[in-house]
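Residue numbers (our numbering): 205 to 351. Think of the CB as a built atom: it goes at the ideal place given N, C-alpha and C, for glycine as much as any other residue. Have a look at the structure below, then the notes.
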């Protein structure tokens with residue numbers, strides 16, 4: 205079953221169960237995927253679907269920050285709940301220890317020695333571990349390792 209089929213089935217299940225937040229969140233994700241498919245002009249592959257999911261999480265994370273800055277905790281909580289729903293469809297994220305190990309391995313593999321080469325490192329790691337590592341965490345660990 206493809207991700208799109210899974211999302212469609214889960215929308216139906218959420219409707220049957222009366223889970224309005226889950227239903228609405230999944231509908232928004234499906235709409236974003238359909239819009240992206242129209243932009244691209246062909247069916248989305250796994251990486252493109254993953255990019256749509258990551259984009260949805262990122263936009264909601266930004267919204268949480270804005271809502272909290274403006275004292276709207278109710279809206280921030282709703283966005284957090286939507287993030288949890290979407291993260292159920294993302295690959296498992298690596299923790300700090302695993303991410304640090306990935307960074308150290310890639311630095312040794314590429315023979316990098318200075319912070320000037322951070323872009324090369326980030327590009328290599330993000331290509332190999334798309335969706336499973338946090339870019340900000342990779343950047344922090346890389347900055348420490350390349351001192």
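### Task
Use the C-beta contact count for residue 264: other C-beta atoms within 10 angstroms, 16 or more gives buried, fewer gives exposed.
buried
### Task
List the whole-angstrom C-beta distance separating residue 350 from residue 326, where the pair is believed to meet the contact cut-off of C-beta under 8 Å.
Incorrect: roughly 11 Å between the Cβ atoms, too far for contact.
### Task
Quick one: give me the first and last residue of the alpha helix (DSSP H) that residue 219 is part of.
207 to 221
### Query
Quick check: the region 249 to 261 against the region 289 to 297, are there 3 or more CB pairs under 8 Å?
yes
### Task
Give the straight-line distance between the Cα atoms of residue 340 and residue 306, rounded to the nearest whole angstrom.
14 Å
### Task
Name the two residues that bound the continuous alpha helix (DSSP H) containing residue 293.
Note, residue 293: premise wrong, no alpha helix (DSSP H); not H, not E.
### Query
Looking at C-alpha atoms only, which residue of 280, 309, 220 is the closest neighbour of residue 270?
280
### Message
Can you tell me whether residue 227 is buried or exposed? The criterion is at least 16 other CB atoms within 10 Å of its CB, across all chains shown.
### Response
buried
#### Entry: Range of the contiguous alpha helix (DSSP H) that encloses residue 314
300 to 314
#### Entry: Alpha carbon of residue 277 to alpha carbon of residue 333, nearest angstrom
33 Å
#### Entry: DSSP state of residue 323 mapped onto helix, strand, coil
helix
### Message
Does residue 230 pass the burial test, meaning 16 or more other C-beta atoms within 10 Å, or should it be called exposed?
### Response
buried
### Query
Pick from 241, 274, 275, 282: whose alpha carbon is nearest that of residue 261?
282
### Task
Take residue 215 as the anchor and find which of 234, 331, 344 has the nearest alpha-carbon.
234
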